[in-house]
Amino acid sequence: GRRSSSLQDKSLCVTGQKQMNSHKSWSLSPEEFEIWDRLYRIKEGDGIKEPILPRAQFETLENLEETPEPEEGAARELSLCEWSLWQNQPLPTALVAHSDLCHLFISAMEMMELMRHQQGDCSYERELQPHLRMEDVNIPGNKRNIPGNKR
Amino acid sequence: QRLKAAVHYTVGCLCQEVEEDKDAQFTKQSIAAISEITFRQCEIFAKDLEMFARHAKRTTVTTDDVKLLARRSNSLLKYITQKSEELASSNMEQKEKKKKKSSTAKGERTPGEQEAAVTENEDSNM
Chain A
91 GRRSSSLQDK SLCVTGQKQM NSHKSWSLSP EEFEIWDRLY RIKEGDGIKE PILPRAQFET
151 LENLEETPEP EEGAARELSL CEWSLWQNQP LPTALVAHSD LCHLFISAME MMELMRHQQG
211 DCSYERELQP HLRMEDVNIP GNKRNIPGNK R
Chain B
113 QRLKAAVHYT VGCLCQEVEE DKDAQFTKQS IAAISEITFR QCEIFAKDLE MFARHAKRTT
173 VTTDDVKLLA RRSNSLLKYI TQKSEELASS NMEQKEKKKK KSSTAKGERT PGEQEAAVTE
233 NEDSNM
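Here the protein sequences come in this chain order: A and B. Every position in the first sequence, counted from 1, becomes a number in our numbering once 90 is added. Every position in the second sequence, counted from 1, becomes a number in our numbering once 112 is added.
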């Protein structure tokens, strides 16, 4: 009834205040820092390397992202391709479902797995060849071959 | 299927250019995989572009929406922005030329058509 709900409100308020007190600033409180330092922080003696994410680089474009180059071997770059053989099926999810982009990736991995052992002749090509209409394609490099194609 | 075939052909041509450029070889299978990924990626681009336009309360996709697709990489964003400026200025020139001639000939494209052309162009660049 009404009473219990107001009680709940009160307790929410109290815990809210408590949290507010210790979270006045964006940074960790001394207690939180102590916990982090003891349990989670990676230190030199731990024998594990700092994990870092690989940086995106464009082979064909000038690279603008400055890469803060960490000491060689001091960090462990997290690999996105080491376990590619595991990627041709959707992996379990908890709360967030796979996105369209993720499904694209999975089906592409599956396709590559199926084509892995094909030699020379390509089934994909064979399947699509009959559907090709030359009027659909317009390649800058081939423009000189197509008469009457001005820009 | 016809669309896929066109994408596959185009990807093949682009890969050939890279082969000549880098002195490397693509297997037919790898070209097929790139084609399929390109094809599916277009579906995702299309959905995103539609959402970006709708988010800005537009029904026409503009170059600003396309730039949003490239937001994750500064290099890519810079490249796309440059291209879009080049296109915009060449469009202006063309318009101007047409204006001078246009008393006789009416051949101007609607803004919508122009934007669609821009989008296509930049999609294929990625």
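Don't be surprised by glycine CBs; every beta carbon is placed ideally from N, CA and C. Computed from a predicted structure; not experimentally measured.
Residue i to residue j, Cα distance in whole Å?
{"i": "Ala165 (chain B)", "j": "Val173 (chain B)", "result": "5 angstroms"}
{"i": "Cys127 (chain B)", "j": "Arg128 (chain A)", "result": "52 angstroms"}
{"i": "Pro237 (chain A)", "j": "Val178 (chain B)", "result": "Residue placement at Pro237 (chain A) cannot be trusted, given a pLDDT of 38 that sits under 50; the coordinates are not used to answer."}
{"i": "Asp226 (chain A)", "j": "Leu118 (chain A)", "result": "59 angstroms"}
{"i": "Cys125 (chain B)", "j": "Arg166 (chain A)", "result": "38 angstroms"}
{"i": "Leu218 (chain A)", "j": "Tyr121 (chain B)", "result": "9 angstroms"}
{"i": "Ser115 (chain A)", "j": "Ile125 (chain A)", "result": "17 angstroms"}
{"i": "Arg170 (chain B)", "j": "Trp173 (chain A)", "result": "42 angstroms"}
{"i": "Asn153 (chain A)", "j": "Cys212 (chain A)", "result": "35 angstroms"}
{"i": "Leu180 (chain B)", "j": "Leu161 (chain B)", "result": "8 angstroms"}
{"i": "Ser202 (chain B)", "j": "Glu208 (chain B)", "result": "10 angstroms"}
{"i": "His188 (chain A)", "j": "Ala136 (chain B)", "result": "35 angstroms"}
{"i": "Pro144 (chain A)", "j": "Leu175 (chain A)", "result": "20 angstroms"}
Taking Cβ positions, are residue i and residue j nearer each other than 7 angstroms?
{"i": "Ala145 (chain B)", "j": "Met202 (chain A)", "result": "yes"}
{"i": "Gln119 (chain B)", "j": "Thr150 (chain B)", "result": "Note that residue 119 (chain B) corresponds to Val in the displayed sequence, not to Gln. The answer is yes: Cβ separation under 7 angstroms."}
{"i": "Ile156 (chain B)", "j": "Leu191 (chain A)", "result": "yes"}
{"i": "Val123 (chain B)", "j": "Ser147 (chain B)", "result": "yes"}
{"i": "Leu151 (chain A)", "j": "Ser187 (chain B)", "result": "yes"}
{"i": "Gln113 (chain B)", "j": "His221 (chain A)", "result": "yes"}
With a threshold of 16 other CB atoms inside 10 Å of the CB of residue i, please say whether the residue is buried or exposed.
{"i": "Phe123 (chain A)", "result": "exposed"}
{"i": "Gln141 (chain B)", "result": "buried"}
{"i": "Tyr214 (chain A)", "result": "buried"}
{"i": "Ile192 (chain B)", "result": "buried"}
{"i": "Thr216 (chain B)", "result": "For Thr216 (chain B), the predicted model reports a pLDDT of 46, less than 50, meaning its position is unreliable; a value from the coordinates is still stated below. Result: exposed."}
{"i": "Ile143 (chain B)", "result": "buried"}
Helix, strand or coil for residue i per DSSP?
{"i": "Arg166 (chain A)", "result": "strand"}
{"i": "Ile125 (chain A)", "result": "helix"}
{"i": "Lys180 (chain A)", "result": "The sequence shown places Pro at residue 180 (chain A), not Lys. DSSP places Pro180 (chain A) in coil when its eight states are reduced to three."}
{"i": "Ile196 (chain A)", "result": "helix"}
{"i": "Ile142 (chain A)", "result": "strand"}
{"i": "Ile132 (chain A)", "result": "coil"}
{"i": "Phe164 (chain B)", "result": "helix"}
{"i": "Gln206 (chain B)", "result": "helix"}
{"i": "Glu152 (chain A)", "result": "coil"}
{"i": "Cys171 (chain A)", "result": "coil"}
With respect to the alpha helix (DSSP H) encompassing residue i, which residues constitute its N-terminal and C-terminal limits?
{"i": "Thr122 (chain B)", "result": "114-134"}
{"i": "Arg216 (chain A)", "result": "213-218"}
{"i": "Lys179 (chain B)", "result": "175-181"}
I'd like to know if residue i contacts chain E, where contact means its C-beta is closer than 7 angstroms to some C-beta of that chain.
{"i": "Leu194 (chain A)", "result": "This model lacks chain E altogether, as its protein chains are A and B."}
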